[in-house]
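Numbered according to this note's numbering, the sequence shown spans residues 117 to 388. Some notes on the structure that comes next.
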Amino acid sequence: MQVLPKTLDELYAGEHIESLFPGGFINFGYYDGIDISSIDWEARIRSQENLYNQIISQIDLRADDSVLEVGIGYGGGPAWVARNNPLSKIVGIDIFEKHIKAAQRNFQHELETYPYLSYQQAVAENIPFADNTFNKIYTIEAFQHFVDQKKFIGEAFRTLKPGGKLGISSFFLNKPQSLAQAAELLPKIALVPRETEHQKDDKHESLITVGQLVEELEAADFYDICVKNIGSHVWLGYDKWVAKTLVPWNHGWLKAYEQGLLDYYIITVIKK
Ligand SMILES: C[S@@+](CC[C@H](N)C(=O)[O-])C[C@H]1O[C@@H](n2cnc3c(N)ncnc32)[C@H](O)[C@@H]1O
C-alpha cells in the first residue's frame, strides 16, 4: 500500500516527483495540441511549458517587464520564461531553500545567459521587495499551499506597480463542502495549506473556491478580474501521464474533477 504525503516537504520530495513532473517543473500541464494517447517525456515537459504559456499570455507579458514568480518548484518555469522573453527582471521565489539550490544548479546555464533571471528563497506571505517593484506577478499551482493567502494578495498588491497584473493559476474546489470528499481521493496536504489541514472542514479560512478568491481580490482593490476555466485541457492529459508512473494516488485528481469537486482556473487582475 502506498504511503501518502502528509507534509509539504513530503509532497515535493517523494522519490517519484521527477517522473510525475519532469524538466524542473511541478505542474499538471496544459494538453491542448498534445496527443494525450501517447504522451512521452518530451510531450509531458511541453505540457508544463504550455501551462506557463497560458498564464504569461493572460498577464500580457512584454519585453522589459519586471516579473516575479511565486512558488517555483525546481526552477524550470522562470528559466523557460527567461529563455523565451527578453525581460528587465524575473525573480523566482520559493519557500524551500533546497528548491532554490536545485534551480540554481539545474539552470546555471540560463542564469549565466540571461542576467535578468534570478532565484531567491522567500515566502509568498512576505515578499522581500519594495512597494511598486514589479509590472507582473504570477503563481502557478502554488496558491493552494499559501498558509495566509490573504496576506499574499496584499503582498502582491504592494509590490506591483499601479496598472501591474497578477495572475494566479491553480485548481480550486467547487464548494467548501467538497473538501471532505476530495480528501478521500487525494492527500489533504495537496489540497489545502498545512495549517488548515487539521481544522474542521467547516472552519477553514483558506480561499479554496474561485468565488472566495474573487471576493478577496476585490477587497484588496484589484480590478478587471478575469476568471478562465481550463480544466478540459488539464485533467485528462495529466491522468494519462499518471498511468505511466508508479504514483497511483495521483489518479485522484481526474476522479475529483469528474465528480465535480474541483477544477482548474487562471485568474488575472490589475492593480489600481
Ligand atoms: C506545485 S509546485 C509549482 C511549481 C512551479 N510553479 C511549476 O508550475 O512548475 C508549488 C511550489 O510552491 C512552493 N510553495 C509552497 N508554499 C509556498 C509559500 N508560502 N511561499 C512560496 N512558495 C511556496 C512549493 O515549495 C513548491 O515549490
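All C-beta atoms, glycine included, are put in the ideal place defined by N, C-alpha and C.
1) Decide if ARG160 is buried, meaning its Cβ has at least 16 other Cβ atoms within 10 Å, or exposed.
2) Cβ of VAL350 within 7 Å of any heavy atom in ligand 1?
3) So the candidates are ASP181, SER322, GLY353; which of them puts its Cα closest to the Cα of ILE155?
4) Can you find a heavy atom of ligand 1 that lies under 7 Å from the Cβ of LEU329?
5) For ASP355, does the three-state DSSP call read helix, strand or coil?
6) Rounded to a whole number of angstroms, what is the C-alpha to C-alpha distance between ASN242 and ARG274?
7) Grouping DSSP H, G and I as helix and E and B as strand, with all else coil, what is ILE386?
8) Within 10 Å of its beta-carbon, does HIS225 have 16 or more other beta-carbons around it, so buried, or fewer, so exposed?
9) Within the segment 170-247, note down every full alpha helix (DSSP H) run reaching 4 residues or more, in order along the chain.
10) Considering only DSSP beta bridges, list what TYR381 is partnered with.
11) Please tell me whether ALA372 and LEU302 are closer than 8 Å, where the distance is taken between their beta carbons.
12) Could you compute how far the alpha carbon of LEU362 sits from the alpha carbon of TYR232?
13) Are there 16 or more other CB atoms within 10 angstroms of the CB of GLU126, so buried, or fewer, so exposed?
14) Using CA coordinates, which residue listed in TYR381, ASP151, LEU378, ILE209 is at the minimum distance from GLN190?
Based on what the coordinates show:
1) ARG160 is buried by the Cβ-count criterion.
2) no
3) GLY353
4) no
5) In the three-state reduction of the DSSP assignment, ASP355 falls in the helix class, which pools H, G and I.
6) 11 Å
7) Correct three-state label for ILE386: strand.
8) exposed
9) 192-200, 213-222, 224-229
10) SER286, ASN345
11) Yes; because the gap between Cβ atoms is below 8 Å, this pair is in contact.
12) Cα atoms of LEU362 and TYR232: separation of roughly 38 Å, rounded to the nearest angstrom.
13) exposed
14) Residue identity differs from the one stated: residue 190 is Tyr in this sequence, not Gln. Of TYR381, ASP151, LEU378, ILE209, the residue nearest in Cα terms is ILE209.
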